[in-house]
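Peer 1: I have a structure I would like to understand better, so I am pasting it below and will then ask my questions one at a time.
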Amino acid sequence: MNSTTKRIIILGTAHGSNVPGKCSPDKKFREYQFSREVIGILKPRLEAAGYTVFVDMPEDVVPTPQVNELAKRCRFVNGICAKHGTQNCVYVSIHVNAAGSGGKWLDARGFAVYVARSCSATSKNLAKTFCELAVSRNLHGNRSIPGEHYWQANFYVLRETACPAVLTENLFQDNRDDVDFLTSPTGKEAIVKLHFDAINQVFGK
Ligand SMILES: [Zn+2]
Numbered sequence: 042m043n044s045t046t047k048r049i050i051i052l053g054t055a056h057g058s059n060v061p062g063k064c065s066p067d068k069k070f071r072e073y074q075f076s077r078e079v080i081g082i083l084k085p086r087l088e089a090a091g092y093t094v095f096v097d098m099p100e101d102v103v104p105t106p107q108v109n110e111l112a113k114r115c116r117f118v119n120g121i122c123a124k125h126g127t128q129n130c131v132y133v134s135i136h137v138n139a140a141g142s143g144g145k146w147l148d149a150r151g152f153a154v155y156v157a158r159s160c161s162a163t164s165k166n167l168a169k170t171f172c173e174l175a176v177s178r179n180l181h182g183n184r185s186i187p188g189e190h191y192w193q194a195n196f197y198v199l200r201e202t203a204c205p206a207v208l209t210e211n212l213f214q215d216n217r218d219d220v221d222f223l224t225s226p227t228g229k230e231a232i233v234k235l236h237f238d239a240i241n242q243v244f245g246k
């Protein structure tokens with residue numbers, strides 16, 4: 042990769058239409074669908090800015106049980122890393138948070154970003170950038186923000202992917218105000234723009 046080639050962005054969809062739960066208490070908002078809609082807007086925008094973009098699992102129906110889904114996502118990402126060079130790739134998995142198990146509306150709201158427990162400096166830098174932009178745009182909600190600006194978790198797709206990787210939790214699907222925002226054109230655009238700007242701020246030079 043020469044200095045004018047931009048990093049390869051691999052976008053991760055959330056779950057699938059055949060995965061139970063992962064929706065608002067009234068079932069009108071579904072995480073798998075929102076994630077794919079955001080990616081549908083974000084991918085051409087990143088491509089127009091000069092990035093090469095892949096989507097790990099664009100189809101709506103995903104393998105079950107979940108371990109098969111997650112393993113297939115990681116095989117896809119690591120295949121691209123093997124072909125194009127791990128240092129040239131970054132994985133961004135796009136989700137929506139939940140405070141409960143989906144049965145009722147709850148209070149927690151706002152953006153959060155995760156990296157693996159042992160991860161690269163690039164992962165941490167991208168996650169921190171996501172958080173700082175989210176805070177500056179008033180998307181961080183009502184939960185505490187860790188001093189590092191990101192959460193560390195043992196998520197399969199963060200742990201098993203070879204390249205730098207972050208997982209974004211874009212507000213809460215069981216918070217009524219967050220769902221109202223996410224289902225508005227303004228809200229969806231805010232999430233798309235947050236991803237575009239964070240990626241571009243770190244990898245755009
Ligand atoms: Zn999710």
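Heads up: the sequence shown begins at 42 in the numbering used here, then just goes up one per residue.
Cβ atoms here follow ideal geometry from the backbone N, Cα and C, with glycine treated the same way.
1) Between Ala139 and Asp67, how many whole angstroms is the CB-CB distance? I'm expecting something under 8 Å.
2) Between the C-alpha atoms of Val176 and Thr170, what's the straight-line distance to the nearest angstrom?
3) Go through the residues and name those whose CB comes closer than 5 Å to any heavy atom of ligand 1, in chain order.
4) Would you check if the distance between the CB atom of Tyr132 and the CB atom of Ala55 is smaller than 8 Å?
5) Between the beta-carbon of Ile135 and the beta-carbon of Phe95, is there less than 8 Å?
6) To which residues of the same chain is Gly57 closer than 8 Å at the C-beta, ignoring the five residues directly before and after it?
7) With 16 as the cutoff for other CB atoms within 10 Å, does Ala231 come out buried or exposed?
8) Could you tell me the alpha carbon to alpha carbon distance between Phe152 and His181, rounded to whole angstroms?
9) Across which residues does DSSP place Gly53 in a beta bridge pair?
10) Can Ala149 and Asn179 be called in contact, C-beta distance under 8 Å?
11) Tell me the DSSP secondary structure of Val207 in three-state form.
12) Just the Cα atoms here: how many angstroms apart are Leu83 and Lys124?
13) List, from N- to C-terminal side, the beta strand (DSSP E) runs of 3 residues or more that fit wholly inside the segment 212-237.
14) Let me confirm a value: Lys63 is counted as buried when at least 16 other C-beta atoms fall within 10 Å, else exposed. Which label applies?
15) How is Thr202 classed by DSSP in three states: helix, strand or coil?
16) Going by other Cβ atoms of all chains shown within 10 Å of its Cβ, with 16 needed for buried, is Glu210 buried or exposed?
17) Looking at C-alpha atoms only, which residue of Ser164, Val60, Thr93 and Pro187 is the closest neighbour of Ile49?
Peer 2: On the basis of the supplied data:
1) Numbered from 1 along the sequence shown, position 98 holds the residue referred to as residue 139. Numbered from 1 along the sequence shown, position 26 holds the residue referred to as residue 67. Between Asp67 and Ala139 the Cβ distance is about 14 Å, and since that is not below 8 Å, they are no contact.
2) Taking the first residue of the sequence shown as position 1, residue 176 is located at position 135. Taking the first residue of the sequence shown as position 1, residue 170 is located at position 129. Spanning the two alpha carbons is a distance of roughly 10 Å.
3) Around ligand 1, the residues selected by a Cβ distance under 5 Å to any of its heavy atoms are Ala55 and His136, following chain order.
4) For the purposes of this step, residue 132 is taken as residue 91 along the sequence shown, with counting starting at 1. For the purposes of this step, residue 55 is taken as residue 14 along the sequence shown, with counting starting at 1. No. Outside cutoff.
5) Within the sequence shown, numbered from 1, the residue matching residue 135 stands at position 94. Within the sequence shown, numbered from 1, the residue matching residue 95 stands at position 54. Taking 8 Å as the Cβ cut-off, Ile135 and Phe95 do not qualify as a contacting pair.
6) Taking the first residue of the sequence shown as position 1, residue 57 is located at position 16. Non-local beta-carbon contacts of Gly57 in its own chain, meaning distances under 8 Å to residues more than five positions away in sequence, involve Tyr73, Met98, Glu100, Asp101, Val102, Val103 and Glu110 in chain order.
7) Within the sequence shown, the letter at position 190 stands for residue 231. Ala231 counts as buried, since no fewer than 16 other beta carbons sit within 10 angstroms of its beta carbon.
8) Here residue 152 is taken as the residue at index 111 of the sequence shown, counted from 1. Here residue 181 is taken as the residue at index 140 of the sequence shown, counted from 1. So the alpha carbons of these two residues sit roughly 5 Å apart.
9) Residue 53 sits at position 12 when you count from the first residue of the sequence shown. Paired residue(s): Ser134.
10) Within the sequence shown, numbered from 1, the residue matching residue 149 stands at position 108. Within the sequence shown, numbered from 1, the residue matching residue 179 stands at position 138. No, these two residues do not count as a Cβ contact at 8 Å.
11) In the sequence shown, counting from the first residue as 1, residue 207 sits at position 166. The three-state reading of DSSP puts Val207 in strand, counting E and B together.
12) Counting from 1 along the sequence shown, the entry for residue 83 is found at position 42. Counting from 1 along the sequence shown, the entry for residue 124 is found at position 83. Near 23 Å, if we compare the C-alpha coordinates of Lys124 and Leu83.
13) none
14) Position 22 of the sequence shown, counting from 1, holds the residue named residue 63. That one is buried.
15) Within the sequence shown, residue 202 is the residue found at index 161, counting from 1. Residue state, collapsed to three classes: coil.
16) In the sequence shown, counting from the first residue as 1, residue 210 sits at position 169. With 16 or more Cβ atoms within 10 Å of its Cβ, Glu210 is classed as buried.
17) Mapped onto the sequence shown, residue 49 falls at position 8. Among Ser164, Val60, Thr93 and Pro187, the Cα nearest to that of Ile49 is on Thr93.
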